[in-house]
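A short write-up of the structure that comes next.
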Amino acid sequence: MGDPSLYKELYNKRAKEYESLRRKLENANNEVLRMKERYAALRASKEGNTALLEREKELDLRERNLYEREEKLKQEQEKIDNATSDIFDRSIENLLREIKSKNTQVGTLILTTIILVVFIIFLLLYIFLYSYGILGERSRVMPMSIVNISEVEGDSRILKSTEKLLPETSEPQDDNEE
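Numbering that gives the first Met the number 0 numbers the first residue of the sequence shown as 0 and each following residue consecutively.
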(Lines of atoms letter the chains of each structure in order from A and count residues from 1; the text may use other names and numbers.)
(Lines give C-alpha, C1' and ligand atoms only; values in the text may rest on other atoms or scores of the structure.)
Protein backbone atom coordinates (compact mmCIF):
# COMPACT_ATOMS: atom_id res chain seq x y z
CA MET A 1 0.00 0.00 0.00
CA GLY A 2 2.97 2.30 0.41
CA ASP A 3 4.84 1.66 -2.86
CA PRO A 4 5.03 4.94 -4.82
CA SER A 5 5.68 3.11 -8.11
CA LEU A 6 2.26 1.43 -7.87
CA TYR A 7 0.59 4.80 -7.40
CA LYS A 8 2.53 6.23 -10.31
CA GLU A 9 1.59 3.28 -12.51
CA LEU A 10 -2.07 3.59 -11.53
CA TYR A 11 -2.00 7.32 -12.16
CA ASN A 12 -0.34 6.87 -15.58
CA LYS A 13 -2.87 4.19 -16.53
CA ARG A 14 -5.78 6.41 -15.51
CA ALA A 15 -4.25 9.37 -17.36
CA LYS A 16 -3.98 7.28 -20.55
CA GLU A 17 -7.58 6.12 -20.18
CA TYR A 18 -8.69 9.69 -19.62
CA GLU A 19 -6.82 10.87 -22.73
CA SER A 20 -8.37 8.04 -24.77
CA LEU A 21 -11.85 8.92 -23.55
CA ARG A 22 -11.22 12.61 -24.23
CA ARG A 23 -10.16 11.83 -27.81
CA LYS A 24 -13.27 9.69 -28.32
CA LEU A 25 -15.39 12.54 -27.02
CA GLU A 26 -13.71 15.02 -29.38
CA ASN A 27 -14.23 12.64 -32.30
CA ALA A 28 -17.89 12.27 -31.39
CA ASN A 29 -18.26 16.06 -31.14
CA ASN A 30 -16.62 16.46 -34.54
CA GLU A 31 -18.98 13.84 -35.94
CA VAL A 32 -21.96 15.75 -34.53
CA LEU A 33 -20.71 18.95 -36.14
CA ARG A 34 -20.30 17.20 -39.48
CA MET A 35 -23.79 15.74 -39.16
CA LYS A 36 -25.22 19.16 -38.40
CA GLU A 37 -23.47 20.61 -41.44
CA ARG A 38 -24.85 17.81 -43.58
CA TYR A 39 -28.23 18.34 -42.07
CA ALA A 40 -28.14 22.04 -42.84
CA ALA A 41 -27.04 21.31 -46.41
CA LEU A 42 -29.75 18.69 -46.86
CA ARG A 43 -32.35 20.91 -45.32
CA ALA A 44 -31.42 23.77 -47.58
CA SER A 45 -31.51 21.60 -50.68
CA LYS A 46 -34.40 19.29 -49.94
CA GLU A 47 -36.89 20.92 -47.67
CA GLY A 48 -39.93 18.82 -47.19
CA ASN A 49 -38.21 15.60 -48.14
CA THR A 50 -39.03 12.58 -45.96
CA ALA A 51 -35.43 11.46 -46.11
CA LEU A 52 -34.53 14.69 -44.43
CA LEU A 53 -36.96 13.96 -41.60
CA GLU A 54 -35.45 10.53 -41.13
CA ARG A 55 -31.96 12.01 -41.19
CA GLU A 56 -33.02 14.59 -38.63
CA LYS A 57 -34.36 11.86 -36.37
CA GLU A 58 -31.12 9.96 -36.84
CA LEU A 59 -29.10 13.04 -35.93
CA ASP A 60 -31.22 13.61 -32.85
CA LEU A 61 -30.71 10.01 -31.83
CA ARG A 62 -26.95 10.26 -32.37
CA GLU A 63 -26.85 13.52 -30.44
CA ARG A 64 -28.71 11.89 -27.55
CA ASN A 65 -26.34 8.91 -27.66
CA LEU A 66 -23.38 11.26 -27.73
CA TYR A 67 -24.71 13.13 -24.72
CA GLU A 68 -25.21 9.84 -22.84
CA ARG A 69 -21.66 8.72 -23.69
CA GLU A 70 -20.37 12.08 -22.55
CA GLU A 71 -22.16 11.68 -19.21
CA LYS A 72 -20.83 8.14 -18.80
CA LEU A 73 -17.29 9.34 -19.50
CA LYS A 74 -17.66 12.09 -16.91
CA GLN A 75 -18.96 9.62 -14.34
CA GLU A 76 -16.12 7.18 -15.06
CA GLN A 77 -13.58 9.98 -14.77
CA GLU A 78 -15.09 11.03 -11.42
CA LYS A 79 -14.89 7.43 -10.20
CA ILE A 80 -11.26 7.23 -11.28
CA ASP A 81 -10.45 10.54 -9.59
CA ASN A 82 -12.19 9.47 -6.38
CA ALA A 83 -10.35 6.13 -6.35
CA THR A 84 -6.96 7.77 -6.85
CA SER A 85 -7.68 10.41 -4.20
CA ASP A 86 -8.75 7.67 -1.76
CA ILE A 87 -5.56 5.75 -2.44
CA PHE A 88 -3.45 8.87 -1.96
CA ASP A 89 -5.33 9.75 1.24
CA ARG A 90 -4.72 6.29 2.67
CA SER A 91 -1.04 6.41 1.75
CA ILE A 92 -0.72 9.84 3.36
CA GLU A 93 -2.36 8.52 6.55
CA ASN A 94 0.06 5.58 6.59
CA LEU A 95 3.00 7.91 6.09
CA LEU A 96 1.79 10.15 8.93
CA ARG A 97 1.55 7.14 11.26
CA GLU A 98 5.08 6.10 10.31
CA ILE A 99 6.37 9.65 10.85
CA LYS A 100 4.76 9.79 14.32
CA SER A 101 6.35 6.49 15.33
CA LYS A 102 9.73 7.63 14.01
CA ASN A 103 9.38 10.94 15.91
CA THR A 104 8.69 9.00 19.10
CA GLN A 105 11.79 6.89 18.53
CA VAL A 106 13.88 9.98 17.81
CA GLY A 107 12.57 11.66 20.99
CA THR A 108 13.52 8.63 23.05
CA LEU A 109 17.00 8.55 21.52
CA ILE A 110 17.49 12.28 22.15
CA LEU A 111 16.42 11.90 25.80
CA THR A 112 18.76 8.94 26.27
CA THR A 113 21.61 10.88 24.67
CA ILE A 114 20.98 13.89 26.92
CA ILE A 115 20.99 11.67 30.01
CA LEU A 116 24.26 10.05 28.91
CA VAL A 117 25.86 13.43 28.20
CA VAL A 118 24.83 14.74 31.65
CA PHE A 119 26.20 11.58 33.26
CA ILE A 120 29.51 11.96 31.40
CA ILE A 121 29.72 15.63 32.43
CA PHE A 122 29.19 14.72 36.10
CA LEU A 123 31.73 11.92 35.80
CA LEU A 124 34.30 14.27 34.27
CA LEU A 125 33.55 16.86 36.99
CA TYR A 126 34.07 14.21 39.66
CA ILE A 127 37.36 13.11 38.07
CA PHE A 128 38.49 16.74 37.81
CA LEU A 129 37.62 17.51 41.44
CA TYR A 130 39.22 14.31 42.64
CA SER A 131 42.41 14.84 40.65
CA TYR A 132 42.89 18.36 42.06
CA GLY A 133 42.38 17.12 45.57
CA ILE A 134 39.09 18.78 46.36
CA LEU A 135 37.37 15.46 46.90
CA GLY A 136 40.61 13.68 47.73
CA GLU A 137 41.18 15.67 50.96
CA ARG A 138 38.06 14.36 52.59
CA SER A 139 38.88 10.81 51.75
CA ARG A 140 42.40 11.18 53.21
CA VAL A 141 41.09 12.72 56.42
CA MET A 142 38.32 10.21 56.87
CA PRO A 143 39.49 6.96 55.35
CA MET A 144 37.01 4.17 55.37
CA SER A 145 37.75 1.31 57.66
CA ILE A 146 36.18 -2.04 58.19
CA VAL A 147 34.44 -2.36 61.54
CA ASN A 148 34.41 -5.66 63.37
CA ILE A 149 32.18 -6.69 66.16
CA SER A 150 34.86 -8.46 68.04
CA GLU A 151 34.07 -8.25 71.69
CA VAL A 152 30.88 -8.76 73.55
CA GLU A 153 30.77 -7.52 77.13
CA GLY A 154 27.59 -8.10 78.97
CA ASP A 155 24.62 -6.81 77.05
CA SER A 156 26.60 -4.34 74.97
CA ARG A 157 28.82 -4.93 72.01
CA ILE A 158 32.03 -3.03 71.40
CA LEU A 159 32.88 -2.10 67.84
CA LYS A 160 36.54 -2.09 66.98
CA SER A 161 38.03 -0.82 63.77
CA THR A 162 40.63 -2.70 61.80
CA GLU A 163 42.52 0.55 61.27
CA LYS A 164 43.52 2.69 64.16
CA LEU A 165 42.57 6.23 63.33
CA LEU A 166 42.02 7.62 66.80
CA PRO A 167 44.11 6.98 69.82
CA GLU A 168 42.63 4.38 72.07
CA THR A 169 40.74 5.71 74.99
CA SER A 170 40.28 4.14 78.30
CA GLU A 171 37.84 1.36 78.72
CA PRO A 172 34.23 2.19 78.11
CA GLN A 173 32.29 3.24 81.14
CA ASP A 174 29.42 1.20 82.33
CA ASP A 175 26.28 3.01 83.30
CA ASN A 176 25.60 0.35 85.90
CA GLU A 177 28.53 1.44 88.06
CA GLU A 178 27.25 4.07 90.44
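Positions of the beta carbon are idealized from the N, C-alpha and C atoms, including for glycine.
Just so we're clear, the structure is a prediction, and the values are computed from it rather than from any experiment.
Report the rounded CA-to-CA distance for residue i versus residue j, giving the unit in angstroms.
i	j	result
leucine 52	leucine 5	53 Å
asparagine 102	arginine 21	45 Å
serine 90	lysine 12	19 Å
leucine 60	leucine 32	14 Å
phenylalanine 127	valine 117	15 Å
methionine 34	leucine 41	10 Å
glutamate 8	glutamate 97	23 Å
glutamate 92	serine 19	32 Å
leucine 122	isoleucine 114	12 Å
glycine 106	aspartate 88	27 Å
alanine 43	glutamate 70	32 Å
Go through its chain and collect everything with a Cβ distance to residue i's Cβ below 8 Å, but skip five positions before and after it.
i	result
isoleucine 79	Arg13, Glu16, Tyr17
Leaving out five residues before and five after residue i in sequence, what residues of the same chain have Cβ atoms less than 6 Å from its Cβ?
i	result
leucine 134	Leu128
Once the 5 residues before and after residue i are set aside, which same chain residues still bring their CB inside 7 Å of it?
i	result
leucine 110	none
leucine 72	Leu20, Leu24
threonine 83	Leu9, Tyr10, Arg13
Among the options, which one has its Cα closest to the Cα of residue i?
i	options	result
leucine 58	Glu70, Ser44, Ser100, Ala39	Ala39
Which runs of the alpha helix (DSSP H) spanning at least 4 residues fall entirely within the segment 22-68, listed in chain order? none
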